[in-house]
Structure formats: structure tokens, C-alpha cells
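Numbering (the working numbering), first residue to last: 551 to 778.
This is how it looks when you write it as C-alpha cells:
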């Protein structure tokens, strides 16, 4: 399994859940902050974790990092993003571009390397992680929402193009705050109302295990307390 955007929280939940299911995990990240934790976590569950430093916005770097593993990858999960909450009038072109590149362009750089092997094999699962902003653009979320809307459209196009080749592509809309360190640092701690990373990861694994006669192409998840 390839995890693009490996980090604590959701990244750890995904790594643990898939390791428990028998997958080795390759984690792509620009930093090494979560490498030790994810490596130890996957190892204790009997799997192998391979951390790779990689900037997903640089296609040549992604090709060099991912191509050696492409033949073995049955599952690709893209969760990388850059959250920017800022009035549009104060958002610079560079910030807007960075958010889009992290949230959408990076998925393209990974999948252009991985999909040929999946197509040749006739099987594979691609899960692209969305957010509330994938379907509803809020004030101060212009840059983030544009990237998330684009990722959702990208997922829909890939699902229609590669489904007949045996590739299951799904967009997973996470409509709520995830219970992870990044959320606490930005919004403060909370006792309830947050999405459990392990529960989210379990839903991802369910998608991977679906029979081709009954694929889900979009799944929205939210905590019980979230209004929608």
C-alpha cells in the first residue's frame, strides 16, 4: 500500500489498519516527522514500513521515488493537502498555487507512475481523500476548496476511465475534524465530535475489499454530531 501524505493521526490509522490486514506500507512525505512512529507501529503489527522523502509537487522526484515500488502496489491512498484558511483578498497567487499543487496536482504525479502497472495487472484500488470543502466552499476557504473540488472531479474522471480496466477509484469525503495532533494545534483540543483515525481507516479498508460488482465511487464520512 502506498500512502501519499504520511503523517500522524490519519496516516497512523491507515498504516496500522492496512498492516493488520497484511499489507506492507510505503509512506511518502516531505518530512521525517512521522517516520519513526509509523515504522514502529507497522513493525509491531508484523508489517514493513518504507518511508520515502518526496515532494509530491515535483513529478521527476515522484517518479524516482515511486517507480521502484509500482509493480507491488495494490492500493494507493492520497491524503496529502495544505490547509489554508485565509480571506481570498489576502491570499497570494503563490499560496493559491501551493494549496492546489499539494492537494490535487500531487495526486496526479503519483498516479501517473502507479496506474500503468495496475492496468497491466488488471486490478488495483485508488482512494483520494476529500473534505467538507470538496462539495461546499466556505468563506476563507477559496484556495482549499478549489483544490478539493478539483480532486473530486479528478477522482470521478479516473473512475470512469479506468474502472473498465479493473481499477477501483473512489473519493472519500471526510466531513469533520479528525482527532489528530494537527487538528489540536490549529483548533485546540476537544473531547467529542472528532473523527477517529482508526475508524476512518477501517472504512478505507472496506472500500479496498469491495467486490467489483458493487464498487463505491464516493463515500462521505462524518461524526455523529456533525450537521450536514
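Even glycine gets a Cβ: it sits at the ideal position worked out from N, Cα and C.
Just so you know, these numbers come straight off a predicted model, no measurement behind them.
For residue 551, the three-state secondary structure derived from DSSP is coil. Taking 7 Å as the cut-off, the Cβ atoms of residue 659 and residue 612 count as close. Counting only runs of 3+ residues, the beta strand (DSSP E) found wholly inside the segment 589 to 635 occupies 599 to 603 and 625 to 628, in chain order. In the structure shown, the three-state DSSP call for residue 567 is helix. Exclusion of the five residues before and after residue 761 leaves no residue of its chain whose Cβ lies closer than 8 Å to its Cβ. Per DSSP, the beta-bridge partners of residue 768 are 721. Secondary structure of residue 641 (DSSP, three-state): coil. Residue 632 is positioned such that its CB atom lies no closer than 7 Å to that of residue 605. Inside the segment 642 to 718, DSSP marks whole beta strand (DSSP E) runs of 3 or more residues at positions 674 to 681, from first to last along the chain. Taking each of 556, 569 and 597 in turn and checking the Cα distance to residue 582, the smallest one comes out for 556. Taking 7 Å as the cut-off, the Cβ atoms of residue 570 and residue 591 do not count as close.
The DSSP-derived three-state label of residue 775 is coil. Secondary structure note for residue 752: its alpha helix (DSSP H) is the uninterrupted segment 747 to 758. Annotation for residue 704: 654, 657, 658 and 678 place their beta carbon closer than 8 Å to its own, counting only its chain and skipping 5 residues before and after. The C-alpha of residue 673 is placed about 31 Å away from the C-alpha of residue 649.
By the neighbour-count definition (other C-beta atoms within 10 Å, threshold 16), residue 635 is an exposed residue.
Counting along the chain, no beta strand (DSSP E) covers residue 763, and no H or E run does either. Between residue 709 and residue 628, the C-beta spacing is not below 7 Å. Between residue 725 and residue 563, the CB-CB gap reaches or exceeds 7 Å.
In terms of Cβ geometry, residue 626 and residue 552 form a close pair [threshold 7 Å]. The beta-carbon separation of residue 619 and residue 576, rounded to 5 Å, stays under the 8 Å limit for a contact.
Within the model, the alpha-carbon separation for residue 663 versus residue 565 is close to 21 Å.
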